[in-house]
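What the sequence shown shows, in this note's numbering, is residues 2 to 130, in sequence order.
Idealized CB from N, CA, C, for every residue including glycine.
Keep in mind that this is a model prediction, so the values were computed, not measured.
Scroll down for the structure; my scribbles are underneath it.
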Amino acid sequence: MASTTKTKPTSSSTPISSQNHFGSLLFCSRCGDLLALPGSDEEIVSYENQTITTRSHPAAFPSSLRQKKTSLVKHTGDVEKKKVYVDEMCEKCGNERMSVKTMQLRSADEGATVFYSCERCGHQTRLIN
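Structural data, given as structure tokens:
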């Protein structure tokens, strides 16, 4: 849950500092925001010592990148449930059928790493292409 803190304006009779006043522009000394200049008959608004906290859910700000990431994660999970088998002999128990999966663990211009797993004894081995 995202949280932001804003301040509530209060009135004050503090004079405007010349360091925050550039030409006809007035800037907030804390955050640098451009402020409206008060008229000669108006009080200066101060944002000190007043705190308001607002909260929002991440879904309140939709993001195409976040949606794409979510759809890719779901797709990857579905693929991992399917096992692929090959006719390779297990070095440990002699079983002639092993499950196989590949992963790109190095740079894209190098071959993938192939992982073999024996369903009978659980022995695992890998082949680096």
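I need the straight-line Cα distance from residue i to residue j, nearest angstrom please.
i, j, result
"VAL115", "GLY33", "56 Å"
"GLU97", "GLU111", "29 Å"
"LEU27", "THR52", "22 Å"
"HIS58", "LYS83", "35 Å"
"PRO63", "LEU35", "29 Å"
"GLN54", "MET104", "Before going further, note that residue 54 is Thr rather than Gln in the sequence given. If you take the alpha carbons of THR54 and MET104, they lie about 46 Å apart."
"LYS69", "ASP42", "54 Å"
"ASP88", "GLU120", "12 Å"
"ALA37", "LEU106", "57 Å"
"VAL122", "ALA113", "The identity of residue 122 in the sequence shown is Cys, whereas the question assumes Val. Computed Cα separation, rounded: 25 Å."
"ARG67", "LYS102", "28 Å"
"CYS29", "PRO39", "13 Å"
"ASN130", "TYR117", "13 Å"
"GLU49", "ARG56", "21 Å"
Please confirm whether residue i and residue j have their CB atoms less than 7 Å apart.
i, j, result
"SER108", "TYR86", "no"
Meets three-Cβ-pair contact criterion under 8 Å: the segment 81-95 and the segment 114-130: Cβ pair count under 8 Å is three or more, so yes.
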